[in-house]
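All remarks here apply to the structure that follows.
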Amino acid sequence: MEALAGRATIEDVAARAGVSISTVSRVVNARYGVASATVTRVQAAIEELGYETSLIARSLRRGRTNVIGVLVADIEPFSAEVLKGIAAALRKTEYELIVYSGGHHHDDGWEQLYLSRLAGTLTDGAILLTPTVVDVTTSQPVIAVDPHLDGSRLPIVDTENLEGAITATRYLVELGHRRIGFIGGRPDLESARRREQGYRTALEDAGIVVDSSLITSGDFTAAAAEGPAHQLLSRPDRPTAIFAANDLTAIQTMRIAADLGIEVPRDVSIIGFDNIPESALTDPPLTTIDQSLHAVGEAAVRALIERIEHPERSDSSAGEPMHITLPTSLVVRQSCAAPSGATTTTG
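Residue 114 in numbering that gives the first Met the number 0 sits at position 115 of the sequence shown; the count goes up by one each step and never skips.
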């Protein structure tokens, strides 16, 4: 027999199996008192009809939904790569995934509002991607990825933003660059602050005076980076290299350079940060810092499930909150070269 059109109900299952609704309920809830042959018949009807019990009902019955929520401001290349890691990690578990995007309605405290909608009957815990608040209040376990720069008490998963930025800037210095521009990210995020700090540290370590006029902000978005990139590239004394705080900014900077007739890397070298898939598809391919975004998602899932299944091991009640930091690495492609007449060095 063919499955019914539309979503199957418990009444449909009962009719197909030739039993009462209460019998179907007992089978679904794994209660005693139903003959094995009847259980088999009901289960066959459920499979045939594609019947699914209510997630809310399941959570009320079990005290657990086996669903993890991910709150994200927007689904763009960074969050998409972290989500891939989250999904890959969940495939190895019995947990399901709900992704909740706030779109462009990001008033202060949006995470708290959306987390409240997910918590309780829909999810067992949540992962916050690039949160804009210091902390949220919830009875559920929560893991933050790339948090606000102020001190959060949430468990955190991030990467070596400072070390990665030092590596990126040092690479340009070793190629012979001395005038290195910087297009930063969102000033309210710890990752952006540490990447600028790494840029400054690498220049100072090389004995290069930091020129504040070469430091701009691109807010981690292509649209916001357009003005700063144009500003740096249009200067009569333009930098010979630019370190963009993420790949979206770096790719936009390459577009602006092309519009201005500036060739990469002959006239200006450009390096990014993230290693999103798009970075390998630019012309020329973008040199960048890989921060293992899939690994970030996987680590966040492991940490969250640990807190869901073993709440007694939570470190949120005393001492410092959990902080997992993953390594970064340099990915050399073709967007960087020595400036004309420069002598490269090795570190």
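Where a beta carbon is used, it is the ideal one built from N, C-alpha and C, also for glycine.
From a predicted model like this one, the values you see are computed outputs, not experimental measurements.
| said: Can you list, in chain order, the residues of its chain with a C-beta nearer than 6 Å to that of Glu1? Leave out the 5 residues immediately preceding and following it. | reply: Locating residue 1 in the sequence shown gives position 2, counting from the first residue. Caution applies to Glu1, whose pLDDT of 48 falls short of 50 and renders its modelled position unreliable; the model cannot decide the point.
| said: Looking only at its chain, what residues have a beta carbon closer than 8 Å to the beta carbon of Arg15, apart from the 5 residues adjacent to it on each side? | reply: As a working mapping, residue 15 is identified with position 16 in the sequence shown. If the five residues before and after Arg15 are omitted, its C-beta is found closer than 8 Å to the C-beta atoms of Met0, Ala44, Glu47, Leu48, all from its own chain and listed in chain order.
| said: Need the endpoints of the alpha helix (DSSP H) that Glu162 sits in, please. | reply: Here residue 162 corresponds to residue number 163 of the sequence shown, with the count starting at 1. Taken as a continuous stretch (DSSP letters only), the alpha helix (DSSP H) holding Glu162 covers 160–174.
| In angstroms, rounded to a whole number, what distance separates the CA positions of Asp210 and Thr92? | Taking the sequence shown and counting its residues from 1, the one referred to as residue 210 is at position 211. Taking the sequence shown and counting its residues from 1, the one referred to as residue 92 is at position 93. Roughly 50 Å between the two C-alpha positions.
| query | How would you label Pro140, buried or exposed, when you count the other beta carbons within 10 angstroms and need 16 or more for buried? | reply | Taking the first residue of the sequence shown as 1, we reach residue 140 at position 141. If you draw a 10 Å sphere on the C-beta of Pro140, you find 16 or more other C-beta atoms in it, and that means buried.
| request: Assuming Leu213 and Ala249 form a contact by the criterion Cβ under 8 Å, report the distance between their Cβ atoms to the nearest whole angstrom. | output: Taking the first residue of the sequence shown as 1, we reach residue 213 at position 214. Taking the first residue of the sequence shown as 1, we reach residue 249 at position 250. So it is not a contact: roughly 16 Å between Cβ atoms.
| task | For the beta strand (DSSP E) containing Thr215, list its first residue and its last residue. | result | Position 216 of the sequence shown, counted from the start, is the residue given in the question as residue 215. Per DSSP, Thr215 belongs to the beta strand (DSSP E) from 214–216.
| request: Let me know the secondary structure DSSP gives Val69 once reduced to three states. | output: Stepping through the sequence shown from its first residue, residue 69 is reached at position 70. Note: Val69 maps to strand in three-state DSSP.
| 8 Å Cβ cutoff met for Gly84 and His309 | The residue you call residue 84 lines up with position 85 of the sequence shown. The residue you call residue 309 lines up with position 310 of the sequence shown. Not closer than 8 Å, so no.
| Min CB distance Leu232 to chain C below 8 Å | The chain labelled as chain C is not found in the depicted structure, where only one protein chain is given.
| said: Just to confirm my understanding: we take Arg193, look at its own chain, exclude 5 residues before and 5 after, and list those with CB closer than 6 Å. What are they? | reply: Taking the sequence shown and counting its residues from 1, one reaches residue 193 at position 194. Result list for Arg193: Asn160, Leu161, in chain order.
| Alpha-carbon to alpha-carbon, Ser138 and Ala125 | Position 126 of the sequence shown, counted from the start, is the residue given in the question as residue 125. Position 139 of the sequence shown, counted from the start, is the residue given in the question as residue 138. Distance between the alpha carbons of Ala125 and Ser138: 11 Å.
| Neighbourhood of Glu10 by C-beta, 8 Å cutoff - its chain only, sequence neighbours within 5 removed | For the purposes of this step, residue 10 is identified with residue 11 of the sequence shown, where counting begins at 1. Here the set comprises Ile20.
| message | Nearest by alpha-carbon distance to Ser100: which of Leu89, Ala79, Ala86 is it? | response | Residue 100 sits at position 101 when you count from the first residue of the sequence shown. Taking only the C-alpha atoms, the option nearest Ser100 is Ala79.
| What whole-angstrom Cβ distance do Ile182 and Thr252 have, given they're in contact under 8 Å? | Residue 182 sits at position 183 when you count from the first residue of the sequence shown. Residue 252 sits at position 253 when you count from the first residue of the sequence shown. Correct: roughly 7 Å between the Cβ atoms.
| Extent of the continuous alpha helix (DSSP H) run through Val295 | Residue mapping note: residue 295 aligns to position 296 of the sequence shown, counting from 1. Counting along the chain, the unbroken alpha helix (DSSP H) around Val295 starts and ends at 292–308.
| field | Distance, Tyr31 Cα to Ala244 Cα | value | Along the sequence shown, one-based indexing puts residue 244 at 245. Along the sequence shown, one-based indexing puts residue 31 at 32. In this model, Ala244 and Tyr31 are separated by some 60 Å (Cα to Cα).
| field | Any 3 or more C-beta pairs closer than 8 Å across the segment 251–271 and the segment 299–307 | value | The segment 251–271 is not in contact with the segment 299–307.
| Out of Ala201, Arg199, Leu247, which has the shortest C-alpha to C-alpha gap to Ala222? | Walking along the sequence shown from the start, residue 222 turns up at place 223. That would be Leu247, whose Cα lies nearest to the Cα of Ala222.
| Taking C-beta to C-beta, are Ile275 and Pro76 nearer than 8 Å? | If you number the sequence shown from 1, residue 275 lands on position 276. If you number the sequence shown from 1, residue 76 lands on position 77. Yes, the Cβ-Cβ distance between Ile275 and Pro76 is below 8 Å.
| request: Could you tell me how far apart the beta carbons of Leu128 and Val144 are, in whole angstroms, since I believe they sit closer than 8 Å? | output: Here residue 128 refers to the residue found at position 129 when the sequence shown is read from its first residue. Here residue 144 refers to the residue found at position 145 when the sequence shown is read from its first residue. At roughly 5 Å, the Cβ-Cβ gap stays under 8 Å, so Leu128 and Val144 are in contact.
| Should Pro154 and Met321 be called a contact, given that it needs their Cβ atoms to be closer than 8 Å? | To locate residue 154, count along the sequence shown from 1; it is residue 155. To locate residue 321, count along the sequence shown from 1; it is residue 322. Cβ atoms of Pro154 and Met321: closer than 8 Å.
| said: Would Leu329 and Thr136 qualify as a contact pair, given that the criterion is a beta-carbon distance under 8 Å? | reply: Against the sequence shown, residue 329 aligns to sequence position 330. Against the sequence shown, residue 136 aligns to sequence position 137. No. Outside cutoff.
| said: Rounding to the nearest angstrom, what Cα-Cα distance links Ala201 and Tyr94 in this structure? | reply: Reading the sequence shown from its first residue, position 202 is the one you call residue 201. Reading the sequence shown from its first residue, position 95 is the one you call residue 94. So the alpha carbons of these two residues sit roughly 43 Å apart.
| said: What residue range does the beta strand (DSSP E) around Ile270 cover? | reply: On the sequence shown, position 271 is the one that residue 270 refers to. Start and end: 268–270.
| request: Can you grab the Cα-Cα spacing for the pair Glu227 / Ala191, in whole Å? | output: As a working mapping, residue 227 is identified with position 228 in the sequence shown. As a working mapping, residue 191 is identified with position 192 in the sequence shown. The sequence shown places Pro at residue 227, not Glu. If I take the Cα positions, the gap works out to 16 Å.
| Helix, strand or coil at Phe181 [DSSP, three-state] | Numbered from 1 along the sequence shown, position 182 holds the residue referred to as residue 181. Here Phe181 sits in strand by DSSP.
| query | Among the residues of its own chain, which have a CB less than 6 Å from the CB of Val197, if the five just before and after it don't count? | reply | The sequence position of residue 197 within the sequence shown is 198, counting from 1. According to the sequence provided, residue 197 is Gly. The question's Val does not apply to it. Annotation for Gly197: Leu161, Ala164, Ile165 place their beta carbon closer than 6 Å to its own, counting only its chain and skipping 5 residues before and after.
| What is the DSSP secondary structure of Ile323, counted as helix, strand or coil? | As a working note, residue 323 is residue 324 in the sequence shown. Strand at Ile323.
| task | Grab me the residues of Leu325's own chain with a C-beta within less than 8 Å of its C-beta, minus the 5 sequence neighbours each way, in chain order. | result | Against the sequence shown, residue 325 aligns to sequence position 326. So the list reads Val156, Asp157, Thr158, Glu159, Gln290, Ser291, Ala294, Val295, Ala298, once near-sequence residues are dropped.
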